[in-house]
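In what follows, a single structure is set out as structure tokens and then discussed.
In my numbering, the protein residues as written are 6 to 633.
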């Protein structure tokens, strides 16, 4: 009932407001009066929208949101739908036919981008305003009667040896029966000396060091290689990135969930220990908090989470049931989640941190990481879409797995709108009177997205406040970081869609290079050349338009155009700005870890390392390229 009422009121109100046929032509003094004009008329299509709003309210009310969440969400949806309907029925028909191509370009970009706001605002409000989680997984007290054998898998590819040593040192100290777990380092590194040094360390620590003669299939190939050679008594595997320090109680806290025979994997949040290494790492950690404290809990309610590649534990039989990790994918972790759900397996998210890794400290590493994620997840979207849609997943599961990869395209819509605005802004130079032809669109294109931007900041801030003590300014900085990487995402998505391939690139971790001001500026511009040029051009064109003297009401359109060009210019300039700050604020991080040189032999855990006769020995350390 509550959802229906809120849907009826907010959806109808938003549609009425957005349908005003004269607001766009009003002068500044007339705007307050004209905003009330829509209440004088109620057309049939508005009645349909009001009814749709009520129906949607009833549907979303089942998620047990507080009233403020329902009101906020349907206010947002009503604004977006009303904006699009008004554009089609009122705004575009009044543009001269020969100039409508620009209107259609804007409408296409808006139609592609605005639904993403609807989707991700749902996740935010679900996390911030839900009264009760029905599938919340709390950390369980360890049951000594449940001791499945567990293998920690640590894939290594050219990471610093000292970094991997710290990871292994933490893993071997798991507070779990020593005969029930093992640590396997899968070393695909290129440097033979580094492999020998890591092998010697693993022997001392009681961990197992494995190399591959044929290093194929990226990280997925390394994991499959190790899993296939594990003794059959090992029921669970946990993938741990080479830079993670895992808490001793991790295994005890998680294995109990596998008492449910249909649980395929349990995922915990990724956390980080180098938050203060640079300006970028501070924003990165908050951005990750949004994913792990908003999106993952919401998707967990619908049994639709993803395996995140580290700090997750997986049932070996489930993995083998779907054929192991896909070796043709560079985001093998997210991809395996799709196949497990399609095969009918369940998953579970436990919102408690059990380990800390390292974030990219400089923009170059950050950009490389997101390029790989964008390319890999878009590949999953296209290569697994048919399997998702034809599977027996619930409707909500299908929606989650499909739409979760659509946000990689939002940079395309941002760029398209920016180019259209730039064309309008160049009107005085090229002899095109954009303000006269597109007066209504300029008003709505300014008012609606700004309202949505403010709304997104509020929702983001609500979620981040639950995870950490942040200010509104901190939430704005996180939003800026997301804008800084949009063109990188565009490049990766286009690269896949045009048929190009990309290698698996390890994200550099640890210390970056501290640069002088000029060095940081030059590197930032080199890394973000397109964004820098676009940002400068947009701001310059905005400045030119701001100086134009035009009669009212054209002055309103010109002012909005200048403001919108400036805002988009700042969106693009966020890339070089964040790049520059990442280099200029770089500080040494602490990587002391466990003082291994002080450890006594009895401190190390004893392992069962002898392999079964029918498998290749897990203690094998044959170097790639050596004769068998």
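C-beta: ideal position from N, C-alpha, C; glycine also. Treat the numbers as computed from the prediction; the structure is a model and nothing was measured.
Looking at 571, 563 and 533, the one whose alpha-carbon comes closest to that of residue 542 is 571. For residue 338, the enclosing alpha helix (DSSP H) covers residues 337 to 347.
Per DSSP, the unbroken beta strand (DSSP E) holding residue 361 starts and ends at 360 to 362. Here residue 109 is exposed, its C-beta having fewer than 16 other C-beta atoms within 10 Å. In the DSSP annotation of this structure, the continuous segment of the alpha helix (DSSP H) that includes residue 531 starts and ends at 522 to 532. Taking the Cα of residue 341 as reference, the smallest distance to any Cα among 357, 579, 294 and 320 is reached at 320. The residue among 409, 69, 157 and 215 with its C-alpha nearest the C-alpha of residue 187 is 157. Taking the C-beta atoms as reference points, residue 480 is found no nearer than 7 Å to residue 467.
CA-CA distance, residue 590 to residue 485, rounds to 17 Å. Beta-bridge partners of residue 351 (DSSP): 268.
Within the stretch 253 to 299, the alpha helix (DSSP H) runs of at least 4 residues that lie entirely inside it are, in chain order, 255 to 259 and 284 to 295. Residue pairing by DSSP places residue 317 opposite 244 and 272 in a beta bridge. Under the three-state reduction of DSSP output, residue 172 falls in the helix class. Secondary structure of residue 191 (DSSP, three-state): strand. Between residue 240 and residue 182, the gap from beta carbon to beta carbon reaches 7 Å or more.
Under the 10 Å beta carbon count, residue 505 is surrounded by fewer than 16 other beta carbons and is classified as exposed. In this structure, residue 199 sits near residue 166, with a CB-CB distance shorter than 7 Å. Checking the DSSP bridge columns, you'll see residue 239 partnered with 154.
Using a C-beta cut-off of 8 Å, the stretch 533 to 548 makes contact with the stretch 580 to 588, since at least three inter-stretch Cβ pairs fall below that distance. In this structure, residue 563 sits away from residue 575, with a CB-CB distance that is not shorter than 7 Å.
Under DSSP, residue 186 shares a beta bridge with 155.
Check the Cα spacing between residue 458 and each of 121, 101 and 501: the tightest is with 121. Non-local beta-carbon contacts of residue 111 in its own chain, meaning distances under 6 Å to residues more than five positions away in sequence, involve 425 in chain order.
One alpha carbon belongs to residue 82, the other to residue 377, and they sit about 32 Å apart. Residue 302 is positioned such that its CB atom lies closer than 7 Å to that of residue 132. Here the alpha carbon of residue 395 sits roughly 18 Å from the alpha carbon of residue 384. Here the alpha carbon of residue 274 sits roughly 8 Å from the alpha carbon of residue 317.
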